[in-house]
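A.B. asks: Residue numbering for the sequence shown follows our numbering, starting at 45 and increasing by one per position. For reference, the structure I am asking about is given below.
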Amino acid sequence: MNSPIIIIPARMASTRLPNKPLADIGGAPMIVRVWQQAVASRLGPVIVACAEQEIADAVEDAGGVAVMTDPDLPSGSDRVWQALGKYDPDGKYDIVVNLQGDLPTIEPEALQVVVSALTGSSLDIATLAAEITDMAERDNPNVVKAVFAPPGADDGGQEWGKADDFTRVNNQPDSATLYHHIGIYAFRRDALARFVGLPPSAREIAVKLEQLRALDAGMTIAVACVDTVPLGVDTAADLEQARSFFRARDTD
45 MNSPIIIIPA
55 RMASTRLPNK
65 PLADIGGAPM
75 IVRVWQQAVA
85 SRLGPVIVAC
95 AEQEIADAVE
105 DAGGVAVMTD
115 PDLPSGSDRV
125 WQALGKYDPD
135 GKYDIVVNLQ
145 GDLPTIEPEA
155 LQVVVSALTG
165 SSLDIATLAA
175 EITDMAERDN
185 PNVVKAVFAP
195 PGADDGGQEW
205 GKADDFTRVN
215 NQPDSATLYH
225 HIGIYAFRRD
235 ALARFVGLPP
245 SAREIAVKLE
255 QLRALDAGMT
265 IAVACVDTVP
275 LGVDTAADLE
285 QARSFFRARD
295 TD
């Protein structure tokens, strides 16, 4: 069917930045900023899967749709799956985009790209990456690297590569091109159902990368490239950077 839905999981529990989803960015809570960017992609309905009523209130006050989920769910993917079942029990939507609620600068076009990578392939999941241009990021373990063969001239117009691995370490020579993984996922609905039903894999637990569960279970992931990495807000410094971004954008 190729009917996408975007679900943004959000919860208040954050040790580094308390009450992060409600942090003010240019007069709107961060979760609302993310919701606005998702709506601008015009891919389909956008809902916020939230663990607390305060988040739901903020989203609904902005005109959005919020679905309450169990606060004890172990991951954002589980929250997305539970919200999907509540919002769409009849299975109308067959492509599910899991968009993190701390990416207020995500470009709507990036969401279109990740959906195109899924619909243009026969793989289970699609995600995004951007070429690393900052040398400091190459060896930074907080920058997750996507390992894949980008499409070449002989790929018939294919705009994605198939993921081989995701890693925090850099085992490549200085001349090698590395790619910064962007934690946005488009799932086929049945693939999401399978994924949340799998136990965490040993590698996932060891390096804290949820996508390794999929690879370790034999699931396939398409990786499409975009030009920029959206700002992930994890600290007060990140929050101030996001505020500066919107101040500059709104005064243009």
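Even glycine gets a Cβ: it sits at the ideal position worked out from N, Cα and C.
What residue from L66, L256 and A54 has the CA that sits closest to V191's CA?
C.D. replies: Ranking the options by Cα distance to V191, first place goes to L256.
A.B. asks: What residue range does the alpha helix (DSSP H) around D4 cover?
C.D. replies: Outside the shown range of the chain, which is 45 to 296, sits residue 4, and nothing can be said about it.
A.B. asks: Could you spell out the range, first to last residue, of the beta strand (DSSP E) harbouring G205?
C.D. replies: Looking at the DSSP string, the run of the beta strand (DSSP E) that includes G205 is G205 to T211.
A.B. asks: Is it true that the CB of I75 sits closer than 8 Å to the CB of V92?
C.D. replies: Cβ atoms of V92 and I75: closer than 8 Å.
A.B. asks: Assuming L172 is part of the beta strand (DSSP E), what are its boundary residues?
C.D. replies: It spans I169 to E175 - the beta strand (DSSP E) in which L172 sits, taken as one unbroken run.
A.B. asks: What is the DSSP secondary structure of K252, reduced to helix, strand or coil?
C.D. replies: Three-state result, K252: coil.
A.B. asks: Could you compute how far the alpha carbon of I69 sits from the alpha carbon of R77?
C.D. replies: Approximately 8 Å between the Cα atoms of the pair.
A.B. asks: Assign N46 to one of two classes, buried (16 or more other C-beta atoms within 10 Å of its C-beta) or exposed (fewer than that).
C.D. replies: Exposed is the call here.
A.B. asks: Which value, in whole angstroms, describes the spacing of the CA atoms of A57 and P118?
C.D. replies: Between A57 and P118, the C-alpha separation is close to 12 Å.
A.B. asks: Measuring only the C-alpha atoms, how far is E153 from R287?
C.D. replies: Distance between the alpha carbons of E153 and R287 is about 21 Å.
A.B. asks: Is S165 closer than 8 Å to A266 when the C-beta atoms are compared?
C.D. replies: Yes, Cβ-Cβ distance for A266 and S165 is below 8 Å.
A.B. asks: Please report the residue range of the beta strand (DSSP E) in which P53 lies.
C.D. replies: Residues P48 to A54.
A.B. asks: Give a yes or no on contact between the region 97-106 and the region 48-56, applying the rule of three or more CB pairs nearer than 8 Å.
C.D. replies: With the cut-off at 8 Å, the region 97-106 and the region 48-56 touch.
A.B. asks: State the beta-bridge partners of I75 as determined by DSSP.
C.D. replies: Its beta-bridge partners do not exist; DSSP assigns none.
A.B. asks: Below 8 Å between beta carbons: does that hold for F239 and A268?
C.D. replies: Their beta carbons are not under 8 Å apart, which means F239 does not touch A268 by this criterion.
A.B. asks: I'd like to check one pair, P73 with P65: are the Cβ atoms closer than 8 Å?
C.D. replies: Yes, Cβ-Cβ distance for P65 and P73 is below 8 Å.
A.B. asks: Could you check where the alpha helix (DSSP H) with K130 kicks off and where it finishes?
C.D. replies: Taken as a continuous stretch (DSSP letters only), the alpha helix (DSSP H) holding K130 covers G120 to Y131.
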